[in-house]
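**Student:**
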Amino acid sequence: MLCGVPLRDLVPSSIGALVRRGADFASAEDAVQDALVIALRTWPDDPPRDPQAWLITAAWHRFIDAARSTTARRAREVADVRSRAVGADAEAPRDVAASDDALDLYFLCAHPSLSASAAVALTLRAVGGLTTRQIAAAFLVPEATMGQRISRAKRRISEVHLGERGEVATVCRVLYLVFTAGYDGDVDLAAEAIRLTRRLAGLSDDPEVHGLLALMLLHHARRGSRTDPQGRLIPLGEQDRTSWDTRLIEEGIEILVAALARDALGEYQAQAAIAALHVDAPDAASTDWVQIVEWYDELLRITDSPVVRLNRAVAVGEADGAAAGLAALALVPPHVPRRIAVEAHLRERAGERAAAADLYTLAAAAAANTAERNHLMRSVAPSAWTHLRIELDGTTAEVFVGDATEPDLTVSDLKLGADASGGVGLWVDQGSVATFANLTVTQG
Amino acid sequence: MKYLLLKHYRGGPEPVEGWTTMDRWTPDEVDAHIQFMRDFAAQLEENGELVSADAVSPDGTFVRHAGEGRPPVTDGPFAESKDLIAGWMIIDVDSWERALERAAQLSAAPGAGGQPICEWIEVRPFMSEPPSHDELAAL
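Top to bottom, those sequences are chains A and B.
Numbered per this note's numbering, the first sequence spans residues 1 to 444.
Numbered per this note's numbering, the second sequence spans residues 1001 to 1139.
1) In whole angstroms, what separates the C-alpha of A:Tyr296 from that of A:Leu376?
2) Does chain A have any CB closer than 9 Å to the CB of B:Glu1122?
3) Return the residues of the segment 133 to 159 of chain A that lie within a Cβ-Cβ distance of less than 9 Å from chain B, sorted by chain order.
4) Assuming A:Leu346 contacts A:Leu331 under a Cβ cut-off of 8 Å, what Cβ separation, rounded to an integer in Å, is found between them?
5) Going by beta carbon distance, what residues of the same chain come within less than 6 Å of B:Gly1055, once the five residues before and after it are set aside?
6) Decide yes or no for the touch test of the segment 147 to 155 of chain A against the segment 1032 to 1048 of chain B: beta carbon pairs closer than 8 Å, at least 3 of them.
7) Using a cut-off of 7 Å between C-beta atoms, extract the partners of A:Ser117 located in chain B.
8) Would you kindly report the start and end of the unbroken beta strand (DSSP E) that includes A:Val401?
9) Could you name the residues of chain B that A:Ala397 contacts, counting a contact when the two beta carbons are closer than 8 Å?
10) Alpha carbon to alpha carbon, what distance is there between A:Phe25 and A:Leu233?
11) Residues in the segment 1028 to 1051 of chain B with C-beta within 9 Å of chain A's C-beta atoms, listed in sequence order?
12) Flag this pair as touching only if the segment 287 to 295 of chain A and the segment 310 to 329 of chain A have three or more C-beta atom pairs under 8 Å; answer yes or no.
13) Please state the DSSP three-state secondary structure of A:Ile292.
14) Name the chain B residues whose beta carbon is nearer than 9 Å to that of A:Asn438?
15) Touching or not, the segment 264 to 276 of chain A and the segment 234 to 244 of chain A, by the rule of three or more beta carbon pairs under 8 Å?
16) Less than 9 Å separating the beta-carbons of B:Pro1071 and B:Arg1064?
17) Could you tell me which chain B residues have their CB closer than 8 Å to the CB of A:Ala368, listed as they occur along the chain?
18) Would you please state the rounded distance, in angstroms, between the beta carbons of A:Ser204 and A:Leu103? I believe it to be under 8 Å.
19) Using a Cβ-Cβ distance cut-off of 9 Å, determine whether B:Val1073 contacts chain A.
20) Quick check: what's the CA-CA separation for A:Asp9 versus A:Met216?
21) Taking C-beta to C-beta, are A:Glu457 and A:Leu388 nearer than 9 Å?
22) Can A:Leu162 and A:Leu175 be called in contact, C-beta distance under 9 Å?
23) Note down the Cα distance separating A:Ala181 from A:Ala420, rounded to an integer number of angstroms.
24) Straight-line CA distance for A:Thr246 to A:Val168?
25) Are the beta-carbon atoms of A:Arg149 and A:Ala118 separated by less than 9 Å?
26) Return the CA-CA distance between B:Trp1019 and A:Asp413, expressed in angstroms with no decimal places.
27) What does a CB cutoff of less than 6 Å around A:Asp288 pick up in its chain, not counting 5 residues either side in sequence?
28) When the Cα of A:Ala437 is compared with those of A:Gln443, A:Gly425, A:Leu248, which residue comes out closest?
29) Using beta-carbon positions only, say whether B:Pro1116 and B:Ala1099 come within less than 9 Å of one another.
30) Using 8 Å for Cβ pairs, my map puts B:Ala1032 next to B:Pro1110. What's the rounded Cβ distance?
31) Which stretch, first to last residue, makes up the alpha helix (DSSP H) that contains A:Arg152?
32) Following the continuous beta strand (DSSP E) through B:Ala1055, name the residue where it begins and the one where it ends.
33) Indicate whether A:His111 and A:Gly166 have their beta-carbon atoms separated by less than 9 Å.
34) Under 9 Å, do A:Ala214 and A:Ala259 count as touching if we go by C-beta distance?
35) Are the Cβ atoms of A:Ala270 and A:Leu299 separated by less than 9 Å?
36) What number of angstroms, rounded off, separates the C-alpha of B:Leu1114 from the C-alpha of B:Glu1029?
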């Protein structure tokens, strides 16, 4: 924010304006970034009357300077561009042009020829107005690498004409990736995704864009309740519902209802509807799982993905019982991530404690992130006591779990040797919680 | 998604036929190998895929905490240890398939006679952050 103006909001339409005047996208993007730096330096002392116009003019001058300093051939092109630009200025009132330009940029940066990570980076820079350094920090890669990723992306789309709009689904997918990137850094990517989607929703009346915005708001409303202060995951059913952001929930539901009324259902609207049903329940027990299953069925009709089927199995388990959930799970291919975790959960609910414990252990080993792994570890034997016996003989230790007659673990070379003396310590690995009781030490 | 590409001095599956360790190469062959590594890292950076690249000496030791106020306990070096890490690259790419493709290229670094050494590269995905909302993340 500078002089009361959210500076970054001016970036996409400034780039668009330069491209409209004849600059290529890559140079336009560079010129606007340069102009932003000047703005940050000069605006505090000398605020412009029309910040958008100032930025476009400053960026245009940077572009001309950069183009001039290259070659004479390039200079002739610029002269040509300049003569065209006079006409372009007179063409349309700036407000309309600015919003069209901004919308065009969303499509360009999400162009299908770009890889997912390239589209995400380019969108954050050209549409979001973030610096390369900020984007690099947000994704935990070196600035040089991120700079190259953005340059390559710009080169790749250099032949694409601004204004060539593809499917809005590609833009939604990129924004959703930003939302779910989930890293910590100076830049809150989830909040940034919401900001960009909110602006897109102001430029496009596509119900899926509005469905995506609703989905993000409804998820974001629960953000603080998903983990405890130690970073441990809290299951939906145990989250503190009073901490949910009611203002975001109201806004999300309002946007969703308006989008659904347009009668053009898509995957983001369906997902938002499911999120809305969750936040709508005053407590976990009153969640309308039957309706959630119906929405998953809708979602399956739109996009038959294994991940949707897996989610649906969880919902079916809640709506119709664990046996029905397991039957629904049978339709999910074996190698879908988190399938084992879902099976463990359903078996536990079905009362199959031993099978569930084994599956939780397997699921934890397969988890793709530490918070989830630790959560699954803690689920292995929830609230159950485990009897453990450790037999020491010389430098050998044998560990017996439960009533086992054969050791579950043998350590044959105790590092402190056979004559070690001192206290007995009990501990569990980081991220786990355990209580010890009834410790007895006997000599055999 | 980030992946660790591990190079081992030894360890891993059976080496391909004709594989020799670096101490058996001529100085020029060693230089060519190191230059390949540098070029490969530069190329990864140019592609927007490099996170970091490092090599470590084979000499080292194991160390652990030995209780409050006591000096750390060390163990090793183990001349005979089965597995010895030589270095690594960390890459940030879009897919597992791409990570494998990059690892295979790294494995083609030149060795004796300038031929690709075809060493085994170990590929390990980084643990990521949990998804920000997935219902399945915390059942």
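For every residue, glycine included, the Cβ atom is placed at its ideal position computed from N, Cα and C.
**Tutor:** So, from the data block:
1) In this model, A:Tyr296 and A:Leu376 are separated by some 25 Å (Cα to Cα).
2) Under the 9 Å criterion on CB atoms, B:Glu1122 is classed as non-interfacial with respect to chain A.
3) The segment 133 to 159 of chain A vs chain B, Cβ under 9 Å: Phe139, Leu140, Val141, Pro142, Ala144, Thr145, Met146, Gly147, Gln148, Arg149, Ile150, Ser151, Arg152, Ala153.
4) Taking the Cβ atoms as the reference, A:Leu346 lies roughly 13 Å from A:Leu331, outside the contact range of under 8 Å.
5) First, the residue type needs correcting, since residue 1055 of chain B is Ala and not Gly in the sequence shown. In the same chain as B:Ala1055, and ignoring 5 residues on each side of it, the C-beta atoms closer than 6 Å to its own belong to Gly1087, in chain order.
6) Between the segment 147 to 155 of chain A and the segment 1032 to 1048 of chain B there are three or more inter-stretch CB-CB distances shorter than 8 Å, so the stretches are counted as touching.
7) Per Cβ cutoff of 7 Å: Asp1094.
8) Per DSSP, A:Val401 belongs to the beta strand (DSSP E) from 396 to 401.
9) Residues of chain B passing the Cβ test: none, with the nearest at roughly 17 Å.
10) So the two alpha carbons sit approximately 43 Å from each other.
11) If the cut-off is 9 Å between Cβ atoms, the segment 1028 to 1051 of chain B has Leu1044, Glu1045, Glu1046, Asn1047, Gly1048, Glu1049, Leu1050, Val1051 near chain A.
12) In this structure the segment 287 to 295 of chain A lies against the segment 310 to 329 of chain A, because at least three pairs of beta carbons, one per stretch, are closer than 8 Å.
13) Secondary structure at A:Ile292: helix, using DSSP grouped into helix, strand and coil.
14) Listed along the chain, the chain B residues whose CB falls inside 9 Å of the CB of A:Asn438 amount to none; the nearest CB is some 26 Å away.
15) Fewer than three Cβ pairs drawn from the segment 264 to 276 of chain A and the segment 234 to 244 of chain A lie within less than 8 Å of each other, which leaves the two stretches out of contact.
16) Contact flag unset, no.
17) Per Cβ cutoff of 8 Å: Pro1125, Met1127, Ser1128.
18) A:Ser204 to A:Leu103, Cβ: 6 Å. Contact.
19) Interface flag for B:Val1073 against chain A is set, since a Cβ pair is found closer than 9 Å.
20) Those two C-alpha atoms are separated by around 20 Å.
21) Absent from the structure is residue 457 of chain A, since the part of chain A shown begins at 1 and ends at 444.
22) Not a contact, by the Cβ cut-off of 9 Å.
23) If I take the Cα positions, the gap works out to 49 Å.
24) A straight line joining the alpha-carbon of A:Thr246 with that of A:Val168 spans about 29 Å.
25) Yes.
26) If you take the alpha carbons of B:Trp1019 and A:Asp413, they lie about 35 Å apart.
27) Cβ neighbours of A:Asp288 beyond the five flanking positions: Leu277.
28) Looking at the Cα atoms, A:Gly425 is the closest of the given residues.
29) The beta carbons of B:Pro1116 and B:Ala1099 sit no closer together than 9 Å.
30) B:Ala1032 to B:Pro1110, Cβ: 5 Å. Contact.
31) Here the alpha helix (DSSP H) through A:Arg152 covers 143 to 156.
32) Per DSSP, B:Ala1055 belongs to the beta strand (DSSP E) from 1050 to 1055.
33) Yes; because the gap between Cβ atoms is below 9 Å, this pair is in contact.
34) A:Ala214 places its beta carbon less than 9 Å from that of A:Ala259.
35) It is a contact, given that the beta carbons lie within the stated cut-off.
36) The identity of residue 1114 of chain B in the sequence shown is Gly, whereas the question assumes Leu. About 6 Å.
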